[in-house]
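With the working numbering applied, the first sequence covers 777 to 1592. We put the CB at the ideal spot given by N, CA and C, even for glycine. Since the structure is predicted, the reported quantities are computational estimates derived from the model, not experimental observations. Read through the structure below, which is laid out as structure tokens, and then see the notes.
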Amino acid sequence: MTEHHPEDGYHPGQVEAKWQARWTERRTNEPNLERAERPFYNLMMFPYPSAEGLHVGNFFAFTGADVHGRFKRLQGYQVFEPMGFDAFGIHSENFAIKIGTHPAELIPKNIANFRRQLRALGGMFDWRHELSTTDPAYYKWTQWLFLELYKAGKAYKKKAAVNWCPHCKTVLANEQVINGACERCGTPVETRLLEQWFFRITEYADRLLANLDDRSKMDWAPTTVAAQRNWIGRSEGAEVRFESPAGPIAVFTTRPDTIFGATFLVLAPEHPLVERLTSAPQRAAVDAYRHAAAAQDLVSRKVGDKEKTGVPTGGTAVNPATGQPVPVWIADYVLMEYGTGAIMAVPGHDERDFEFANRYTLPIVRVLAGPETDAGTPVEAAESGVEGHRLVNSGPFSDMPAQAGRKAIVAWLEQNGHGKGVVQYRLYDWCISRQRYWGPPIPIIYCDACGPVPVPEKDLPVLLPNIADFRPDDSGISPLARHKEWYEVPCPTCGKPGHRETDVSDTFLDSAWYYLRYLSTEFDDRPFDAGRVKRWLPVATYIGGNEHAVLHLLYSRFVAMVLFDQGKLPFEEPFRKFRAHGLIVKDGAKMSKSKGNVVIPDEYIVRWGADTFRMYLMFLGPFEEGGDFRDEGLSGPRRFLSKVWDLVGQAERRTLVGSEVHHGIVVKWHQTKKRVTEGLETLSYNTAIAALMELLNAMRASNCSERKIVKEMVLMLAPFAPHFAEECWERLGATTSVFDAEWPSWDEGLTQEHTVEVAVQINGKARSRIRLPRGAHESAAVGAARQDPTVAKFLEGAEIKKVVWVPDRLLNLVTG
RNA sequence: GCCCGAGUGGCGGAAUGGCAGACGCAGCGGACUCAAAAUCCGCCGGGGGCAACCCCGUGUGGGUUCGACUCCCACCUCGGGCACCA
């Protein structure tokens, strides 16, 4: 397909090939990691190298991040912009199984293709520091990291009910289960009990949460912060002990103020005290209920909106506030994993408890009253309000406002040993075990005499053996266990026969520290070099997708925090600034193969050139929101570049002196510099490009090709269209890279005209415009307005009651 | 249900208390051309008027203000996160 463009001599293919070669030759994008004075670490989320190649979403994300990096470079920073590949994991492995090729063979090919595409995009990547998580030189240190966590007591193994995907034949983290199904293949997930490795991320819940509000450590997009906050899920409440013949039952509640209304307790069916609480007549019913609950998978158990069921244990406990005995039930709406696995049910003021009490005709007591209710008003629906509510039927606490009552009751519980205020988190420990092949083996050796023994650092990496049969089976044990020569190994401590851990680690562990490795890829005696870490980290700007708002970003923060506590890193938070890019849709619909509306970037680059493609992607909407990709849209930026190309050809060899250039153009020029700079700072790339287009239109309209302005226009275009800008820069006589030039500055005084157009409103409605000298006084404005025929017409017969004067902008005459 | 974000021409979007629709796409009219493409010039929210101009218009309803796309209250729709979490 051939496009018809003006005979302007701009041939993107030639220009782009030339500059990509030059950048490599001249090492343009390789900052000095040891000595950079103004280091700027510009990180973007590394891709999974799929067989399909980079999709347009990757291009959009990488371009936006690259524009940011190039802008910082032009502002005088030494920018380190690395790139790598997140190539381990179930995704690669499943694809390899599907097409019957070993992943170790597939991945290098995919990476080669990705590298080609990334070069074609024109990113300022420092290829000296490329990495792949599948490289033994990399995962040696992933294993080292596991051992650091293990030695710090942050890794432990436990038998746990886990999500098992029968299709992928692997354990999934809770966060990889979406509405009860495997996020990857959609198969409903089952429950299995397996020995799993976990990291104690829950120990860090409070710090992970607190730092989100610390602007000195983190400047993150609000949506991302909100997602993390939800995920950590802090709730304040109290743990209360209810005495029972089987021993004390601890319950967690966020509403200790309603304790006088707790008319029964509900335990999770798995609760350890159920056995002893159950009375003989209830035994059969309880056992049956517990069996039914156990047979259910974790998922359907948690899917809401179903009828609440439960059975009484026959046992009772004593409400410490009322001193009254209350029946103890079990029900599957209470989950063993959260809180203490037991609740005090307050049916008057909790919807779930209300529903349950109604179904099983359990007593409902009102302990909160609002403005229109009192202690005697019957409870018709659970009322859970706090604001404007007071306690009733609550002994000595009656009539206290709910807020104060809560504090008083917690204090009373603490004084009398019935409980204490506690904080609960929704966050779970991070399960990192995967019973699969394609990942870094967890570096532990089991010895009958010594127990689990870490593989000594000198023996790292534990190489992933190249085996032909890497398919998982239904045993729940990694394929690695089937290979004796790898599996059986002497104990590093005592030398007796032992065997290796066969689980591999989660890919999120690979990506939790890759930003540390980029800086030090050439060292194989240390994971990251202390001097470089000190100079370059934390990451100045991190740009990536919000689909990683929780998992990847939270795990990375956790790992950094542990390393910080170990004294191995000088910072707690690894990413000072994080911004999420938006999503690209095509013609108003999500791209998908089935719809046939997938944009293949390579084709667009061949047809339009990378610079036009980059400009279009950055122009189609706000970077943090994404936008709609339409093929027709490419011609706008392309026409713009052609016109700039022509203008560069016309630019005369002279410098600006006062009156030579129309003052209107000078003003537009300075306004543009301001708008483009501010747009680049805030990632408002679409408006920055619009500003450049306006400047071009203004220059063409007044036949101006002033060299100095053209040069700065090229400079401002450089982040978006780097090859194009280099070529134009050279055509304008430069012998060095445009990226070694200095970002233009503007004169604030020249961003406004000598005379300004002021809107004149009558009673808030725009009626006319008048031209006034800048800085004119109110009286002058009113005088000028009165002269205006339209204004005069509207003022006829009316009296001006009030004048609103916004200098240089607007005059509003109010007649009343 | 709770927590974020968003709703503006035919389309992508701009303007975050001061002239709504910048910039771009598409469309329409014209110039150039044998013709087309490309390029250039003009028009381009709706309604009315020969015209100068006027009326209406930023999801819906109310409010604050001299003035509201922008702020406040209530609601509707869409996107995202969390969710029998006590």
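How many angstroms separate the CA atom of Asp1108 from the CA atom of Ala1044?
Cα-Cα distance, rounded: 6 angstroms.
So what's Ile1025 in DSSP terms, helix, strand or just coil?
Strand at Ile1025.
According to DSSP, is Thr1511 helix, strand or coil?
Of the three classes helix, strand and coil, the one that applies to Thr1511 here is coil, per DSSP.
Determine, using beta carbons only, whether Pro1248 and Gln1211 come nearer to each other than 8 angstroms.
Result yes, Cβ atoms of Pro1248 and Gln1211 sit closer than 8 angstroms.
Near Gly1364, which residues of its chain fall below 7 angstroms by C-beta distance, leaving aside the five closest residues on each side in sequence?
Cβ neighbours of Gly1364 beyond the five flanking positions: Asp1404.
Do Thr1098 and Glu1015 have their beta-carbon atoms positioned less than 8 angstroms apart in this structure?
Not closer than 8 angstroms, so no.
Work out the CA separation of Phe1515 and Gly929 for me, nearest whole Å.
Rounded to the nearest angstrom, the two C-alpha atoms are 48 angstroms apart.
Starting from Pro912 and walking both ways along the alpha helix (DSSP H), at which residues does that stretch end?
That run of the alpha helix (DSSP H) goes 912–927.
Just to confirm, is the Cβ distance from Leu897 to Thr839 under 8 angstroms?
Their beta carbons are under 8 angstroms apart, which means Leu897 touches Thr839 by this criterion.
Taking Tyr1222 as part of the beta strand (DSSP E), name the residues at either end of that continuous run.
Here the beta strand (DSSP E) through Tyr1222 covers 1220–1223.
Quick one: give me the first and last residue of the beta strand (DSSP E) that Trp973 is part of.
Start and end: 966–975.
Which two residues bound the contiguous alpha helix (DSSP H) that contains Ala1643?
Absent from the structure is residue 1643, since the part of the chain shown begins at 777 and ends at 1592.
Taking the alpha helix (DSSP H) that Ala1184 belongs to, which residues open and close that run?
1178–1191 is the span of the alpha helix (DSSP H), which, as asked, contains Ala1184.
What distance in whole Å lies between the Cβ atoms of Leu1491 and Ala1427, which are believed to be in contact at a cut-off of 8 angstroms?
Actually they do not touch by this definition, with Cβ atoms about 13 angstroms apart.
Give me whichever residues DSSP pairs with Trp1206 in a beta bridge.
Trp1206 pairs with Phe975.
In terms of residue numbering, what span does the alpha helix (DSSP H) encompassing Lys874 cover?
That run of the alpha helix (DSSP H) goes 866–875.
If you draw a straight line from the C-alpha of Tyr1065 to the C-alpha of Leu1053, how long is it?
If you take the alpha carbons of Tyr1065 and Leu1053, they lie about 15 angstroms apart.
For the beta strand (DSSP E) containing Trp940, list its first residue and its last residue.
Looking at the DSSP string, the run of the beta strand (DSSP E) that includes Trp940 is 931–941.
Evaluate Leu1292 with the Cβ neighbour count: other Cβ atoms within 10 Å of its Cβ, from every protein chain shown; 16 or more gives buried, anything less gives exposed.
Buried.
Compute the Euclidean distance between the alpha carbons of Gly1252 and Arg1311, then round it to the nearest angstrom.
Roughly 45 angstroms separates the two Cα atoms.
Check whether the Cβ atoms of Phe1570 and Ile1538 sit closer than 8 angstroms, and answer yes or no.
Yes, they are a contact pair.
Compute the beta-carbon to beta-carbon distance between Arg1142 and Val1155, rounded to the nearest angstrom, for a pair I have assumed lies under 8 angstroms.
At roughly 5 angstroms, the Cβ-Cβ gap stays under 8 angstroms, so Arg1142 and Val1155 are in contact.
Drop a sphere of 10 angstroms on the beta-carbon of Pro1266, count the other beta-carbons inside from all chains shown, and report buried for 16 or more, exposed for fewer.
Pro1266 is exposed by the Cβ-count criterion.
Relative to the C-alpha of Ser1555, which candidate in Val1580, Ser1544, Val1567 has its C-alpha closest?
Answer by Cα proximity: Val1580.
Measuring CB to CB, does Tyr853 end up less than 8 angstroms from Phe816?
Yes, the pair counts as a contact, with Cβ atoms nearer than the cut-off.
With a threshold of 7 angstroms on Cβ separation, who are the neighbours of Ala1542 within its own chain once the five nearest residues in sequence on each side are excluded?
Correct list, in chain order: Ala1535.
First and last residue of the alpha helix (DSSP H) that includes Lys1371?
Looking at the DSSP string, Lys1371 is not in any alpha helix (DSSP H), and its letter there is neither H nor E.
What residue does the alpha helix (DSSP H) around His1357 start on, and which one ends it?
Run containing His1357: none in the alpha helix (DSSP H); it sits in the beta strand (DSSP E), 1353–1357.
Take Arg1333 as the anchor and find which of Asn808, Tyr980, Asn818 has the nearest alpha-carbon.
Here the closest residue by C-alpha is Tyr980.
Helix, strand or coil for His1275? Go by DSSP, reduced to three states.
His1275: strand per DSSP, three-state reduction.
Distance, Cα to Cα, Ser1435 vs Ile1441?
Below a pLDDT of 50, predicted positions are generally treated as unreliable, and Ser1435, at 48, falls in that range; the measurement from the model is reported next regardless. Whole-angstrom Cα-Cα distance: 11 angstroms.
Have a look at Leu988, Ala797, Pro788 and flag the residue whose alpha-carbon is nearest the alpha-carbon of Glu1348.
It is Leu988 whose Cα lies nearest to the Cα of Glu1348.
Exposed or buried, what is Thr800 when buried is set at 16 or more other beta-carbons lying within 10 Å of its beta-carbon?
Answer is exposed; the Cβ neighbour count stays below 16.
Would you check if the distance between the CB atom of Leu1241 and the CB atom of Val832 is smaller than 8 angstroms?
The amino acid occupying residue 1241 in the given sequence is Pro; Leu does not appear at that position. The answer is no: Cβ separation not under 8 angstroms.
Count the other CB atoms within 10 Å of the CB of Ile1218; is the residue buried (16 or more) or exposed (fewer)?
With 16 or more other Cβ atoms within 10 Å, it is buried.
I think Ala1187 touches Arg1166, with their Cβ atoms under 8 angstroms apart; what is that distance to the nearest whole Å?
Not a contact, Cβ separation roughly 18 angstroms.
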